[in-house]
Every structure is written in structure tokens, then in C-alpha cells.
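Asks:
Number of protein chains: 2
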Amino acid sequence: MPGGRGVDPQSATPVYLQVAARIRERIVSGDLQPDRPIPSESAIEQEFEVARGTARKAIAVLREEGLVITVKGRGSYVTPAL
Amino acid sequence: MPGGRGVDPQSATPVYLQVAARIRERIVSGDLQPDRPIPSESAIEQEFEVARGTARKAIAVLREEGLVITVKGRGSYVTPAL
DNA sequence: TCAGATTTGTTCGTATGTATT
DNA sequence: CAATACATACGAACAAATCTG
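Respectively, the protein sequence lines represent chains C and H.
Just so you know, my numbering puts 67 at position 65 of the first sequence, and the rest follows in order with no gaps.
Just so you know, my numbering puts 57 at position 55 of the second sequence, and the rest follows in order with no gaps.
1) Mapping DSSP to helix, strand and coil, what is Ile71(H)?
2) Bridge partners for Gly77(H) per DSSP, in chain order?
3) Are the stretch 7-25 of chain H and the stretch 42-57 of chain H touching, with three or more C-beta to C-beta distances below 8 Å?
4) Buried or exposed for Leu84(C), going by 16 or more other Cβ atoms inside 10 Å?
5) Is the Cβ-Cβ distance between Ala22(C) and Ala60(C) less than 8 Å?
6) Can you give me the C-alpha to C-alpha distance between Val52(H) and Ile46(H), rounded to a whole angstrom?
7) Just checking Pro41(H) against the ligand GTP - is the residue's beta carbon closer than 7 Å to any of the ligand's heavy atoms?
8) Use the C-beta contact count for Glu66(H): other C-beta atoms within 10 angstroms, 16 or more gives buried, fewer gives exposed.
9) Excluding the 5 residues flanking Gly8(H) on each side, which residues of the same chain have their C-beta closer than 6 Å to its C-beta?
10) Which residue or residues does DSSP assign as beta-bridge partners of Pro39(H)?
11) Considering only C-alpha positions, which residue in the set Arg24(H), Gly32(H), Val63(H) and Glu27(H) is nearest to Pro82(H)?
12) Report the three-state DSSP secondary structure of Ser31(H) (helix, strand or coil).
13) Since Thr56(C) is in the alpha helix (DSSP H), which residue starts that stretch and which ends it?
14) Please classify Ser78(H) as buried or exposed, where buried requires at least 16 other C-beta atoms within 10 Å of its C-beta.
15) Between Val70(C) and Leu64(C), is the Cβ-Cβ spacing less than 8 Å?
16) In its own chain, which residues sit with a C-beta less than 7 Å from the C-beta of Gln35(C), not counting the 5 before and 5 after it?
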């Protein structure tokens with residue numbers, strides 16, 4: 003079985019978009035709250051069994067959507083409510 | 003000279019494995035003895051002219067092999083003889 | 001007590017090379 | 001060819017534990 007939890011490498015949808023979608027869900031659902039950190043790149047690597055570059059691309063998508071902000075040496079955080 | 007003493011970045015063998023192999027030799031040869039510290043990450047950086055991440059990966063290999071133990075704030079030590 | 005240096009731990013930033021699709 | 005994905009490697013910043021004076 004395919005990796006178990008997580009993403010489907012065979013899907014037409016790129017893995018990094020699948021990962022981004024998973025994390026997006028946690029944000030919009032409130033599972034991940036404003037000003038709180040999202041999983042680190044390395045945590046995403048392990049949870050979804052993807053390479054670091056793929057984890058980074060997923061986060062970049064959410065950043066471009068304005069859902070998260072990223073701080074060097076710290077991590078990425080759900081964008082604070084206004 | 004190319005990098006002087008040390009590793010070969012052009013080799014098919016990853017640098018971190020080359021560094022691990024060098025330190026492993028010192029352990030099995032008795033150059034580095036049980037319960038004694040191995041070179042710090044920063045010492046490995048300088049000696050082999052590698053980045054810290056590479057030094058850390060080399061140590062991780064030896065740790066997974068059970069050859070060394072690592073203590074935060076202290077360093078890594080050759081695994082004590084039973 | 002404490003301030004600074006050392007050392008490992010964790011995180012993101014960037015670049016390169018290879019393989020696959 | 002371009003996009004995707006993985007592995008490797010260097011750099012930089014922040015954090016925590018330890019040691020030293």
C-alpha cells in the first residue's frame with residue numbers, strides 16, 4: 003500500500019499541491035490557529051513522506067495565498083487575524 | 003591543491019559518508035577510544051572543510067551504527083565498551 | 001551568581017545534480 | 001522541453017544545554 007497516510011504519488015495532482023491542500027484544511031478548519039506555527043518542513047517531510055523540497059513548495063503555496071508567514075530560523079505561522 | 007586533505011566532493015560517494023568513514027577508522031583503530039569525545043561539529047567542519055550540516059550527518063551515521071553517543075551541549079563520545 | 005563561550009538541536013534559505021514524467 | 005521530485009551540500013539564524021571564568 004501506498005505509503006499509508008498521506009499523498010498519492012500516482013495522482014495527476016502534484017504531490018506538493020496535495021500536501022498544501024492537507025495543511026490548508028487544517029488552517030481553515032481552525033485545527034491550526036492564527037499566530038500558531040504550522041508543522042516544520044522536517045515534520046512535513048516525515049508526516050507525508052516527501053522530500054524537503056516538496057515540503058517547501060507546499061508551504062510556498064500557502065504563503066502565496068496569504069495563509070501563512072515564514073520566519074527564518076523559526077518556522078511558518080498561520081497568518082494572524084487582523 | 004584540491005581542498006588539501008580531506009574529502010572529494012566529486013566522488014560518487016556523498017561527502018558525509020566519506021567523513022563518517024574517516025572518523026569510523028579512528029574509532030575502530032583505537033585512535034579514538036571508548037568514552038572519549040570525538041571531534042566537535044565545528045572541528046569536523048574545519049578539518050574536512052565541510053558545512054556544519056554535513057558534519058552533523060556524518061556523526062548521525064556513526065550514531066546510528068552505535069559507534070558514538072551524542073549529548074546536547076557536550077558533544078559526541080565513542081560508545082563505552084560494555 | 002552570572003556572563004560569555006562552546007556545543008548540539010532545530011529551522012528556514014539557496015543551489016546543484018539526477019531521474020522521471 | 002518543462003515540471004516534478006528526490007538527494008546532497010552550503011549558509012544563516014535561532015534555541016537550549018553545558019562549561020568556564
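Don't be surprised by glycine CBs; every beta carbon is placed ideally from N, CA and C.
Note that the structure is a prediction, hence the values are computed from the model and not measured.
Replies: To lay it out plainly:
1) By one-based count along the second sequence, residue 71(H) stands at place 69. It is a strand residue.
2) For this step, residue 77(H) is matched to residue 75 along the second sequence. DSSP, once it has assigned bridges, lists Val73(H) as partnering Gly77(H).
3) In short, these stretches touch, since the Cβ pair count reaches three.
4) Taking the first residue of the first sequence as 1, we reach residue 84(C) at position 82. Exposed: under 16 other Cβ atoms inside 10 Å.
5) For the purposes of this step, residue 22(C) is taken as the residue at position 20 of the first sequence. For the purposes of this step, residue 60(C) is taken as the residue at position 58 of the first sequence. Closer than 8 Å, so yes.
6) Within the second sequence, numbered from 1, the residue matching residue 52(H) stands at position 50. Within the second sequence, numbered from 1, the residue matching residue 46(H) stands at position 44. So the alpha carbons of these two residues sit roughly 8 Å apart.
7) Ligands in the displayed structure: none, and consequently the ligand GTP is not present.
8) Locating residue 66(H) in the second sequence gives position 64, counting from the first residue. Classification for Glu66(H): exposed.
9) Position 6 of the second sequence holds residue 8(H). Cβ within range, chain order: Phe50 and Glu51.
10) Walking along the second sequence from the start, residue 39(H) turns up at place 37. Assignment of beta-bridge partners to Pro39(H) by DSSP yields Tyr79(H).
11) Here residue 82(H) refers to the residue found at position 80 of the second sequence. Measuring from the Cα of Pro82(H), the nearest candidate turns out to be Gly32(H).
12) For the purposes of this step, residue 31(H) is taken as the residue at position 29 of the second sequence. If DSSP states are grouped into helix, strand and coil, Ser31(H) belongs with coil.
13) Your numbering for residue 56(C) matches position 54 in the first sequence. Run containing Thr56(C): Arg54 to Glu66, per the alpha helix (DSSP H) assignment.
14) As a first step, residue 78(H) is located in the second sequence; it is residue number 76 there, counting from the start. Under this definition Ser78(H) is a buried residue.
15) In the first sequence, counting from the first residue as 1, residue 70(C) sits at position 68. In the first sequence, counting from the first residue as 1, residue 64(C) sits at position 62. Cβ atoms of Val70(C) and Leu64(C): closer than 8 Å.
16) Numbered from its first residue, the first sequence carries residue 35(C) at position 33. Hits under 7 Å: Val80.
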